[in-house]
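Chemist: Here it is, the structure, as structure tokens.
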Amino acid sequence: MIVKKRFPAKVACVHCNGGTRAKQTEEGYELCTYGCTGCGTCIDTCKFGAISLSCFGVAEVDETKCVGCGSCYLACPQRVIHLRIEDNPIVVLCSNKDARCKHVCDVSCIGCGLCEKVCPAGAVKVSENRAFIFADKCLSCGACAMVCPRNVIHDKRGILTHRI
0 MIVKKRFPAK VACVHCNGGT RAKQTEEGYE LCTYGCTGCG TCIDTCKFGA ISLSCFGVAE
60 VDETKCVGCG SCYLACPQRV IHLRIEDNPI VVLCSNKDAR CKHVCDVSCI GCGLCEKVCP
120 AGAVKVSENR AFIFADKCLS CGACAMVCPR NVIHDKRGIL THRI
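For the sequence shown, numbering that gives the first Met the number 0 assigns the number 0 to the initial residue and increments by one for each residue that follows.
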């Protein structure tokens with residue numbers, strides 16, 4: 000099946016990076032209530048085979064297969080999947096609003112604000128203890144990704160892989 004992408008093209012993005020990396024408690028895993036549970040609903044819904052589970056049990060999107068139809072977005076019970084403009088590769092992979100998230104997940108946004116301070120375009124704002132990137136302002140320079148102490152902000156191009 001050939002499907003044309005809409006312009007500006009959008010792709011699905013899972014705003015969670017935790018999964019089984021949530022800290023273990025005596026009772027088992029204390030999961031982030033805002034994160035991907037690895038339930039597979041998005042995988043079952045995607046007609047293009049664009050979603051799979053990572054080794055950490057988090058849904059991940061193959062952007063070469065994703066057509067931006069939004070079926071996974073509508074199906075996700077945790078609401079951690081969103082459609083983003085494909086041209087902007089800088090994304091925040093956390094949906095947690097809880098200020099105590101650092102005690103539950105090692106790769107959650109802690110709302111420290113470093114990303115907001117270094118963004119030359121003013122495209123990053125920290126609200127409800129997490130970072131948001133406004134795609135219409137973002138220069139895709141990756142300054143925010145480079146200073147993120149918990150590696151929550153990612154460059155989907157794979158160019159920026161190490162912090163300063």
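Glycine included, every Cβ here is placed at the ideal spot set by N, Cα and C.
1. Is the beta carbon of Cys137 less than 8 Å from the beta carbon of Asn87?
2. How about Ile132 and Ile89: do their beta carbons lie closer than 8 Å?
3. Please report how far the alpha carbon of Cys15 lies from the alpha carbon of Cys104, in whole angstroms.
4. Going along the chain, which residues of its own chain have a beta-carbon closer than 6 Å to the beta-carbon of Arg83, five neighbours each way excluded?
5. Straight-line CA distance for His81 to Cys71?
6. Under 8 Å, with one C-beta from each stretch per pair, do the stretch 45-60 and the stretch 114-133 reach the 3-pair mark?
7. Use the C-beta contact count for Glu127: other C-beta atoms within 10 angstroms, 16 or more gives buried, fewer gives exposed.
8. What is the DSSP secondary structure of Cys104, reduced to helix, strand or coil?
9. To the nearest angstrom, report how far apart Tyr33 and Cys100 are at their CA atoms.
10. Excluding the 5 residues flanking Lys124 on each side, which residues of the same chain have their C-beta closer than 8 Å to its C-beta?
11. Measuring alpha carbon to alpha carbon, tell me which of Cys65, Val66, Glu85, Leu92 ends up nearest Arg78.
12. Can you list, in chain order, the residues of its chain with a C-beta nearer than 7 Å to that of Lys64? Leave out the 5 residues immediately preceding and following it.
13. Taking DSSP as the reference, what is the three-state secondary structure of Ile42?
14. Taking the alpha carbon of Pro7 as the point to measure from, which residue in Val66, Leu73, Thr44 has its own alpha carbon closest?
15. I'd like the list of long-range same chain contacts for Ala120, defined as Cβ closer than 6 Å, with 5 residues on each side in sequence excluded.
16. Please name the residue or residues paired with Lys9 in a DSSP beta bridge.
17. Relative to the C-alpha of Cys38, which candidate in Ala74, Lys9, Val10 has its C-alpha closest?
Modeler: Considering the structure as presented:
1. Residue mapping note: residue 137 aligns to position 138 of the sequence shown, counting from 1. Residue mapping note: residue 87 aligns to position 88 of the sequence shown, counting from 1. Cβ atoms of Cys137 and Asn87: closer than 8 Å.
2. The residue given as residue 132 occupies position 133 in the sequence shown. The residue given as residue 89 occupies position 90 in the sequence shown. Against a cut-off of 8 Å, the Cβ pair of Ile89 and Ile132 comes out as a contact.
3. Numbered from 1 along the sequence shown, position 16 holds the residue referred to as residue 15. Numbered from 1 along the sequence shown, position 105 holds the residue referred to as residue 104. Those two C-alpha atoms are separated by around 10 Å.
4. For the purposes of this step, residue 83 is identified with residue 84 of the sequence shown, where counting begins at 1. So the qualifying residues of the chain are Cys12.
5. Within the sequence shown, the letter at position 82 stands for residue 81. Within the sequence shown, the letter at position 72 stands for residue 71. Each residue's Cα considered, the two are about 9 Å apart.
6. no
7. Against the sequence shown, residue 127 aligns to sequence position 128. Counting Cβ neighbours within 10 Å, Glu127 comes out exposed, since fewer than 16 surround it.
8. By 1-based counting over the sequence shown, the position of residue 104 is 105. Here Cys104 sits in strand by DSSP.
9. Numbered from 1 along the sequence shown, position 34 holds the residue referred to as residue 33. Numbered from 1 along the sequence shown, position 101 holds the residue referred to as residue 100. If I take the Cα positions, the gap works out to 10 Å.
10. By 1-based counting over the sequence shown, the position of residue 124 is 125. Only Glu115, Ala130, Phe131, Phe133 meet the Cβ criterion.
11. The count along the sequence shown starts at 1 and reaches residue 78 at position 79. When each option's Cα is compared against that of Arg78, the closest is Leu92.
12. As a working mapping, residue 64 is identified with position 65 in the sequence shown. Counting only Cβ-Cβ distances below 7 Å, and skipping sequence neighbours, we find Phe47, Gly48, Ala49.
13. For the purposes of this step, residue 42 is taken as the residue at position 43 of the sequence shown. Three-state result, Ile42: helix.
14. Against the sequence shown, residue 7 aligns to sequence position 8. Comparing Cα-Cα distances from Pro7 to each of Val66, Leu73, Thr44, the minimum goes to Val66.
15. Working through the sequence shown from its first residue, we reach residue 120 at position 121. Here the set comprises Lys136, Leu138.
16. Taking the first residue of the sequence shown as 1, we reach residue 9 at position 10. Per DSSP, Ile84.
17. Residue 38 sits at position 39 when you count from the first residue of the sequence shown. With distances taken between Cα atoms, Cys38 lies closest to Ala74.
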